[in-house]
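Let me begin by presenting the structure, written as structure tokens, before commenting on it.
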Amino acid sequence: MSLPHTHRPYWLTFDCYGTLIQWDEGLRKAVDTILHSKGTSASIDTERLIEVYDRHEHRLEQLPPHRNFRTVAGEGLRLALEDFDLEPAPDDIAVLTQSISAMPPFPEVVPALRRLKAMGFRTCIVSNTDDDIIAGNVAQLADGNGHYIDRVITAQQAGAYKPNRRLFDYAHEQLGVSKDDVVHICASPHLDHAAARDIGFRCVWVDRGTGRKLLPDYTPDAIVRTLDEVPTLFKTLDW
Numbered sequence: 001m002s003l004p005h006t007h008r009p010y011w012l013t014f015d016c017y018g019t020l021i022q023w024d025e026g027l028r029k030a031v032d033t034i035l036h037s038k039g040t041s042a043s044i045d046t047e048r049l050i051e052v053y054d055r056h057e058h059r060l061e062q063l064p065p066h067r068n069f070r071t072v073a074g075e076g077l078r079l080a081l082e083d084f085d086l087e088p089a090p091d092d093i094a095v096l097t098q099s100i101s102a103m104p105p106f107p108e109v110v111p112a113l114r115r116l117k118a119m120g121f122r123t124c125i126v127s128n129t130d131d132d133i134i135a136g137n138v139a140q141l142a143d144g145n146g147h148y149i150d151r152v153i154t155a156q157q158a159g160a161y162k163p164n165r166r167l168f169d170y171a172h173e174q175l176g177v178s179k180d181d182v183v184h185i186c187a188s189p190h191l192d193h194a195a196a197r198d199i200g201f202r203c204v205w206v207d208r209g210t211g212r213k214l215l216p217d218y219t220p221d222a223i224v225r226t227l228d229e230v231p232t233l234f235k236t237l238d239w
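Rendered as structure tokens:
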């Protein structure tokens, strides 16, 4: 599919963490805080611990029965710490989830969302998280001129995590649209592109240069480097 040959979408759906919100930066800070509390920050590689945590978290998200993100993240963090022979503490998960909720947007995100809203698009976040965790992030996606997110749909609401297509099917049902009425904007090939491939909705990849790789069997409909390139792209399409 090619964006120039498709109609203007009614809704723009967004991945949150890594696309709108500074996930990598915030997660490193949270893990550094947890390691520092254990007196091991100098001996444990933060990036390696995050890699192991991510692997556990994504695996646990796909295991039945569905559990909320706070529970899954806590279990993933516990397993990752134990892999490094570190003793999990009761407040480790609180440090992590509170850090997630406080993660700020990328500098260009709020102005870009303002432009997209001014162009007449409706905006919805579709995210692998819990309602109470993401509320802190959504509150930051605003400025003195208003709030720029119309809807927030979470894994907690849908009872499913990306890359399971059920989360996106649920989002489309809640928005009252078909896959052809939306364009999804995301930074995570592993989580979002698999659903775009399987469902067939249009997708713009925000490649922020983090080293994340495209899936071998999927190519997004457009690639931008930062979110502020999206309004410009859409203007070239007369959207």
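Using the UniProt record's numbering, read the sequence shown as starting at 1 and increasing by one per residue. Idealized CB from N, CA, C, for every residue including glycine. If you're wondering where the values come from, they're calculated on a predicted model, not measured in any experiment.
So for residue i, helix, strand or coil by DSSP?
{"i": "Val230", "result": "helix"}
{"i": "Pro39", "result": "One detail in the question is off: residue 39 reads as Gly in this sequence, not Pro. The answer is coil: DSSP assigns Gly39 none of H, G, I, E or B."}
{"i": "Pro189", "result": "helix"}
{"i": "Thr129", "result": "coil"}
{"i": "Tyr170", "result": "helix"}
{"i": "Phe69", "result": "helix"}
{"i": "Thr12", "result": "In the sequence on display, residue 12 carries Leu and not Thr. Strand."}
{"i": "Ala160", "result": "coil"}
{"i": "Trp205", "result": "strand"}
{"i": "Asp221", "result": "coil"}
{"i": "Ala112", "result": "helix"}
{"i": "Ile149", "result": "coil"}
{"i": "Asp143", "result": "strand"}
{"i": "Thr33", "result": "helix"}
{"i": "Val138", "result": "helix"}
{"i": "Ile44", "result": "coil"}
{"i": "His184", "result": "strand"}
{"i": "Pro4", "result": "helix"}
So residue i packs on residue j, CB below 8 Å; how close in whole Å?
{"i": "Trp11", "j": "Val182", "result": "5 Å"}
{"i": "His66", "j": "Gly159", "result": "5 Å"}
{"i": "Thr46", "j": "Asp24", "result": "Rounded, the Cβ-Cβ distance is 11 Å, inconsistent with contact."}
{"i": "Pro231", "j": "Leu116", "result": "6 Å"}
What residue from the options has the CA that sits closest to residue i's CA?
{"i": "Val126", "options": "Asp32, Ala118, Pro104 and Asn164", "result": "Asn164"}
{"i": "Gln174", "options": "Ala94, Cys124 and Leu96", "result": "Cys124"}
{"i": "Asp130", "options": "Phe121, Phe106, Ile149 and Ile100", "result": "Ile100"}
{"i": "Tyr17", "options": "Asn128, Pro220 and Leu233", "result": "Asn128"}
{"i": "Met103", "options": "Gln22, His5, Leu237 and Lys235", "result": "Gln22"}
{"i": "Arg59", "options": "Thr226, Val177, Arg48 and Leu79", "result": "Leu79"}
{"i": "His184", "options": "His56, Ala139, Phe14 and His7", "result": "Phe14"}
{"i": "Ile134", "options": "Arg122, Ala118, Ala155 and Leu167", "result": "Ala155"}
{"i": "Pro9", "options": "Thr46, Lys29, His66 and Phe121", "result": "Phe121"}
{"i": "Ala73", "options": "Ala30, Pro107, Ser37 and Arg115", "result": "Ala30"}
{"i": "Ile93", "options": "Arg151, Pro64 and Ser37", "result": "Ser37"}
{"i": "residue 240", "options": "Met119, Gly211, Val177 and Ile44", "result": "Given that the chain is displayed from residue 1 to residue 239, the structure contains no residue 240 and the question cannot be resolved."}
{"i": "Gln98", "options": "Glu57, Asp132, Phe168 and Leu167", "result": "Asp132"}
{"i": "Gln62", "options": "Arg212, Phe234, Leu167 and Thr236", "result": "Leu167"}
{"i": "Ile44", "options": "Thr71, His56, Glu57 and Phe84", "result": "Phe84"}
Excluding the five sequence neighbours on either side, which residues of its own chain have a C-beta within less than 7 Å of the C-beta of residue i, listed in chain order?
{"i": "Thr40", "result": "Leu86"}
{"i": "Leu27", "result": "Ile50"}
{"i": "Asn137", "result": "Cys16, Ile21, Ser101 and Met103"}
{"i": "Tyr53", "result": "Gly76, Leu77 and Ala80"}
{"i": "Lys179", "result": "His172, Ile199, Gly200 and Phe201"}
{"i": "Val177", "result": "Tyr10 and Trp11"}
{"i": "Asp228", "result": "Glu108, Pro111 and Ala112"}
Keeping to the same chain, check which residues put their C-beta closer than 8 Å to that of residue i; ignore five residues upstream and five downstream.
{"i": "Tyr218", "result": "Pro189, His193, Ala194, Ala196 and Arg197"}
{"i": "Tyr148", "result": "Val110, Leu113, Arg114, Leu116, Lys117, Thr123, Leu141 and Ala142"}
{"i": "Glu82", "result": "Pro88"}
{"i": "Ala171", "result": "Thr13, Cys124, Val126, Ile153 and Ala158"}
{"i": "Ser2", "result": "Asp221"}
For residue i, I'd like the list of residues in its chain whose CB is within less than 6 Å of its CB, leaving aside the five on either flank, ordered along the chain.
{"i": "Pro220", "result": "Cys203 and Trp205"}
{"i": "Thr226", "result": "Glu108"}
{"i": "Leu215", "result": "Pro189 and His193"}
{"i": "Thr19", "result": "Cys186, Ala187 and Val206"}
{"i": "Ile34", "result": "Asp92 and Val95"}
{"i": "Thr236", "result": "none"}
Please confirm if residue i has its CB atom under 8 Å from at least one CB of chain D.
{"i": "His147", "result": "No chain D is present in this structure, which holds just one protein chain."}
Evaluate the contact criterion for the region 190-207 versus the region 76-92: three or more CB pairs, one atom per stretch, below 8 Å. The region 190-207 vs the region 76-92: no contact.
Taking 8 Å as the threshold, find out whether the region 189-206 comes into contact with the region 153-171 through three or more Cβ pairs. The region 189-206, when compared against the region 153-171, does touch it at the 8 Å Cβ threshold.
The region 107-122 / the region 143-155 touching (three or more Cβ pairs under 8 Å): As far as the Cβ criterion goes, the region 107-122 touches the region 143-155, which means the pair count is three or higher.
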